[in-house]
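Note sheet for the following structure.
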Amino acid sequence: MRFRLLRGDTILTIALAAAALLIIGIVVALAVNLFSGASSSILKFGPRFLIESKWQPSNDVFGALPFVYGTLVTSAIAIVIGFPISLGIAVFISEKLKRHLTFGYLLGTLVDLLAAVPSVIYGLWGVFVLIPLLKDYVEKPLNKSLGFISLFSGHPFGYDFFTAGVILAIMIIPTMSAVTRDVLSVVPNSQREAIYSLGGTDWEVTQKSVLPYARSGIFGAFILGLGRAFGETMAVTMVIGNIPSISSSLFSPGATLSSIIANQFGESSGLFQAALIELGLILFFVAVTINGLARLLLWRMTRGTQVNT
Amino acid sequence: MSGMQLEKNKNTNFDSTAVKLSTKDLKATYGKVQALKGITMDFPEKRVTAIMGPSGCGKSTLIRCLNRIHELTPKAKVEGEVILDGVNIYSPKVDPVAIRRRIGMVFQKANPFPTMSIYDNVVAGLKLNGVRDKKKLDELAEKSLRMSFLWEEVKGDLKKPGTALSGGQQQRLCIARALAVEPEVILMDEPCSALDPLATAKVEESIVQLKKEFTVIIVTHNLQQAARVSDFTAFMYLGKLEEFGETASVFENPKNELTEKYITGKFG
Amino acid sequence: MIAVILAVIPLLLILGDVFLRGAPAISVGFLTHLQKPPNVSGGGIANAIVGTFTMVGIASLISVPIGVLAGIFFSEWSTTKVSTISSFMNDVLTGFPSIVLGLFVFVIIVLPTRQFSAFAGGVALSFVMLPIIARTTGESLKLVPNTLREASMALGIPRWKTIFRIVIGTGKNGLLTGILLAVARATGETAPILLTASTSIYFAKSIFQPTASMTVLIYNYATSPYSSWQTQAWGAALVLILIMLGLNLVVKLTVGRNLSGKLEL
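As given, the protein sequences belong to chains A, B and C, one line each in that order.
Letter 175 of the first sequence, counting from 1, is numbered 174 in numbering that gives the first Met the number 0, and no numbers are missing.
Letter 50 of the second sequence, counting from 1, is numbered 49 in numbering that gives the first Met the number 0, and no numbers are missing.
Letter 30 of the third sequence, counting from 1, is numbered 29 in numbering that gives the first Met the number 0, and no numbers are missing.
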């Protein structure tokens, strides 16, 4: 038997491994370079950066607090509005429409199309359609009648946390509902049949067997949606006002980690620029943690099966 | 076993049969499970050898070691030797890819390549190894399809997708595909277990013809099939070789108690 | 249920508005002229269209080969530690806040070259596309039944040919889908190219110069106080949506039974 050089196989293995290692390398390089870009800001402000609420480019004073606040508030609004709706859609499509597969598929496609709309177009629509709508039909009335509650106080003029939260909600619904749909589809039918055979209605089956079984997967979808909300930039930056402020009112303008970077990076330099990059670094860690957590949860839930997320 | 079936195999002269393939203390594991516990046996040239035994006895693992397919499974390990024409195919100097061209395999469930036509399936092993001569490909395609008794049924439309055939036809297609690369040994892992009796009969017909040119080793759990097509039979149990001999004598006079129990249906 | 209606309404509203408000702006001139100052008529988005295509093109050249190779590794060497770690990292990178990717490329390319460029924009977009392609390639190839690999190897076909001719041959629909989805995603991105390619009112003369792009143009025009520019923003949005709908349609048509198409974008 002749000895044949396995050149083809060796080259392939090296190329493939290189590509895979590159991906690991990218994540590492990402962290390293963000650190280096933010270095002057990190050195100057240290850990105080995270709790400093002043952001004054003209005085070289920078702090991340207003943006962490903004990110949390807008994401919270997005989740409060978006998660129940996503769950509702997912349950509706996967459970109720099981017998009408085409309609379910069409509906699913429609919702998925929402996911394909670019962020900047959401922003465009947000500026010219949503803001006037919310301002006149939601914010002003709420402000008039419930203005004594700090949440609804202030002078609403549309560019605020609330609008940003609503737009984020619309943007994360497709992702969350798609993942939840996949998770629900993995629940074995035997689970459903158990409750059906005890005389349960559709809703009871969903409530008592499907949802509890899919609990960790749904939680994973929730986290994934949260991660998406944290990182969204363009739509938010176009409707939030980009004023670094910490206010208890939903109707006051603010800024998120990503929106302020998009808004001010173009005119930044030196320490200002480094501070913005440091905000990006914070966002990086948040994203890695959340994404990582979500993936772990989803992987555990659907171990072995193919989930397209 | 009907006496008539065994008659067919009694007429061959076995005395001066050469050994094509043999194993020496072959051991195989899947992770922590030891599937083969040291098998030493010979496979006679240009004969059909059947390997039988109850589920889990290691018969599939054994033939997958013969063409070095077993080691492709993650966490699978092989120890010992498999000797083809005097050379150990597990020696580090030997190229497994070259071995697999000399030892072909037909799997339990027919697995034609779904994106290829009947013709392309048959010549896949040749084309993907650089054979370009259209005339040669056509010749080998026809020859292989004839040997697997599929030619008459498909010659009219070789461009049809391979998966458009029935289960039995697909399996004969896979046999043709294995034959086209002109191997010396053909391994078959329960090739008829997913087929109906009619399709099975056709496959068995071709197996009996194949031994004129090839050494055939077939794993089967069907006792009658072993009796019908094989010249030699090996009986395995829990990773060990319990008995080996000419089919007729193994079936009529099993020397091993376990063999006898299996043949008379007491287990397996 | 109410939930569904609540979700569908915005979609219809958005698409409807884009079509209604954008249609008036569309004309052949719009698609072929350069940008003009706010109150001068005859402005177009030609350079933005070219810029977007250029950067997505660069991004594809980088991300498709690497992504496909990584995906193959995830599928065919899935039991190795390297594959598990890399695949996990890849999943983390999927859907990463694209502005952070923009900052990354700013630091590694724009700063050293002291230059905003289409090239930097393309690289930034490639980081958006790469994880998607690697992921979908890996998932598609994993769906190819293992028995086909064994059949191929048993014929004496070497592993690399088995992978490229048999495995990829069988799973190629999924691969193409993934690539098209990644392209669609990159076409709609704004933040990464805002920070790296900046913008321009001319056609870029080389890829090492700044360039306009449809998304950045929409952003700039929409947030400007000029109504003529705002109308053009809608027009550009319409063109962008049409391109993306077109890409998504191609995906749905080629997907068939392989993948359900329910992929995170």
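Where a beta carbon is used, it is the ideal one built from N, C-alpha and C, also for glycine.
Any chain A beta carbon closer than 8 Å to residue i
{"i": "glycine 94 of chain C", "result": "yes"}
{"i": "tyrosine 218 of chain C", "result": "yes"}
{"i": "glycine 103 of chain C", "result": "A small correction: the amino acid at residue 103 of chain C is phenylalanine; glycine does not occupy that position in the sequence shown. Yes, phenylalanine 103 of chain C counts as interfacial toward chain A."}
{"i": "leucine 264 of chain C", "result": "Below a pLDDT of 50, predicted positions are generally treated as unreliable, and leucine 264 of chain C, at 28, falls in that range; no measurement from the model is reported."}
{"i": "asparagine 257 of chain C", "result": "With a pLDDT of only 41 at asparagine 257 of chain C, under the threshold of 50, the placement of this residue in the model should not be trusted; the figure read from the coordinates follows. Not an interface residue."}
{"i": "isoleucine 242 of chain C", "result": "no"}
{"i": "isoleucine 57 of chain C", "result": "no"}
Interface partners of residue i on chain A, CB under 7 Å
{"i": "tyrosine 225 of chain C", "result": "Ordered by position in chain A, no residue passes the 7 Å Cβ test against tyrosine 225 of chain C, which lies about 13 Å from the chain."}
{"i": "glycine 43 of chain C", "result": "Result: empty, since nearest Cβ-Cβ is about 18 Å, beyond 7 Å."}
{"i": "phenylalanine 87 of chain C", "result": "Arg294"}
{"i": "threonine 53 of chain C", "result": "Residues of chain A passing the Cβ test: none, with the nearest at roughly 18 Å."}
Contacts that residue i makes with chain B (C-beta to C-beta distance below 7 Å)
{"i": "leucine 193 of chain C", "result": "Chain B residues near leucine 193 of chain C: none, gap ~43 Å exceeds 7 Å."}
{"i": "leucine 147 of chain C", "result": "Asn110 and Phe112"}
{"i": "threonine 78 of chain C", "result": "Pro73"}
Under 8 Å between C-beta atoms of residue i and residue j
{"i": "alanine 179 of chain B", "j": "leucine 127 of chain B", "result": "no"}
{"i": "valine 184 of chain B", "j": "isoleucine 50 of chain B", "result": "no"}
{"i": "isoleucine 50 of chain A", "j": "leucine 64 of chain A", "result": "yes"}
{"i": "leucine 174 of chain C", "j": "valine 67 of chain C", "result": "yes"}
{"i": "valine 215 of chain C", "j": "isoleucine 192 of chain C", "result": "yes"}
{"i": "methionine 235 of chain B", "j": "glycine 57 of chain B", "result": "yes"}
{"i": "threonine 186 of chain C", "j": "threonine 51 of chain C", "result": "yes"}
{"i": "glycine 161 of chain B", "j": "isoleucine 117 of chain B", "result": "yes"}
{"i": "glycine 120 of chain C", "j": "threonine 210 of chain C", "result": "yes"}
{"i": "phenylalanine 115 of chain C", "j": "isoleucine 206 of chain C", "result": "no"}
{"i": "glutamate 75 of chain C", "j": "valine 127 of chain C", "result": "no"}
Contact set between residue i and chain C, taken where Cβ atoms lie within less than 8 Å
{"i": "phenylalanine 243 of chain B", "result": "Neighbours of phenylalanine 243 of chain B on chain C: none; closest Cβ ~25 Å, over 8 Å."}
{"i": "asparagine 66 of chain B", "result": "Ala153"}
{"i": "valine 218 of chain B", "result": "Under the 8 Å cutoff, chain C gives no residues; its nearest Cβ is about 14 Å from valine 218 of chain B."}
Cα-Cα separation between residue i and residue j, rounded to whole angstroms
{"i": "glycine 245 of chain C", "j": "alanine 175 of chain B", "result": "44 Å"}
{"i": "aspartate 201 of chain A", "j": "glutamate 94 of chain A", "result": "8 Å"}
{"i": "alanine 168 of chain A", "j": "glycine 81 of chain A", "result": "5 Å"}
{"i": "glutamine 4 of chain B", "j": "threonine 253 of chain C", "result": "Low confidence applies here, because glutamine 4 of chain B scores a pLDDT of 41, under 50, leaving its location unreliable and the question unanswered by this model."}
{"i": "glutamate 251 of chain B", "j": "leucine 222 of chain B", "result": "12 Å"}
{"i": "isoleucine 82 of chain B", "j": "alanine 150 of chain C", "result": "22 Å"}
{"i": "threonine 288 of chain A", "j": "leucine 295 of chain A", "result": "11 Å"}
{"i": "alanine 273 of chain A", "j": "isoleucine 281 of chain A", "result": "12 Å"}
{"i": "valine 112 of chain B", "j": "glutamine 169 of chain B", "result": "According to the sequence displayed, residue 112 of chain B carries phenylalanine and not valine. Distance between the alpha carbons of phenylalanine 112 of chain B and glutamine 169 of chain B: 10 Å."}
{"i": "leucine 209 of chain B", "j": "glycine 70 of chain C", "result": "42 Å"}
{"i": "isoleucine 239 of chain A", "j": "histidine 32 of chain C", "result": "33 Å"}
Under 9 Å from the C-beta of residue i: neighbouring residues of chain C
{"i": "valine 18 of chain B", "result": "Neighbours of valine 18 of chain B on chain C: none; closest Cβ ~23 Å, over 9 Å."}
{"i": "valine 180 of chain B", "result": "Leu154 and Gly155"}
Cβ of residue i within 8 Å of any chain C Cβ
{"i": "glutamate 256 of chain B", "result": "no"}
{"i": "asparagine 252 of chain B", "result": "no"}
{"i": "glycine 122 of chain A", "result": "yes"}
{"i": "valine 96 of chain B", "result": "yes"}
{"i": "methionine 104 of chain B", "result": "yes"}
{"i": "alanine 175 of chain B", "result": "no"}
{"i": "leucine 194 of chain B", "result": "no"}
{"i": "asparagine 58 of chain A", "result": "no"}
{"i": "arginine 100 of chain B", "result": "yes"}
{"i": "leucine 172 of chain B", "result": "no"}
{"i": "glycine 264 of chain B", "result": "no"}
{"i": "glycine 57 of chain B", "result": "no"}
Residue-chain proximity (residue i, chain B), Cβ-Cβ < 8 Å
{"i": "glycine 168 of chain C", "result": "yes"}
{"i": "leucine 11 of chain C", "result": "no"}
{"i": "isoleucine 165 of chain C", "result": "yes"}
{"i": "lysine 160 of chain C", "result": "yes"}
{"i": "alanine 236 of chain C", "result": "no"}
beta-carbon residue i near the ligand HEM non-hydrogen atom, thresh 7 Å
{"i": "glycine 50 of chain C", "result": "Among the components of this structure there are no ligands whatsoever, and the ligand HEM is therefore not found."}
Partner residues on chain A for residue i, Cβ-Cβ distance less than 8 Å
{"i": "leucine 174 of chain C", "result": "In chain order: nothing, as chain A lies at least about 14 Å away."}
{"i": "tryptophan 228 of chain C", "result": "Those within 8 Å of tryptophan 228 of chain C in chain A number zero; the least Cβ separation is about 12 Å."}
Neighbour list for residue i in chain C, Cβ cutoff strictly below 7 Å
{"i": "alanine 228 of chain A", "result": "Within 7 Å Cβ-Cβ: nothing; alanine 228 of chain A doesn't reach chain C, min ~10 Å."}
{"i": "leucine 127 of chain B", "result": "Ile156, Lys160 and Arg164"}
Cβ pair count under 8 Å reaching 3, the stretch 239-255 of chain A against the stretch 48-61 of chain C: no
Count Cβ pairs between the stretch 17-25 of chain B and the stretch 196-208 of chain B that sit closer than 8 Å; are there 3 or more? no
Any chance the stretch 260-277 of chain A sits against the stretch 231-238 of chain A, with 3 or more Cβ pairs inside 8 Å? yes
For the pair the stretch 156-169 of chain C and the stretch 131-144 of chain C, tell me if three or more CB-CB distances fall below 8 Å. yes
Determine, using beta-carbon pairs with one atom in the stretch 141-155 of chain B and one in the stretch 55-73 of chain B, whether at least three such pairs fall under 8 Å. no
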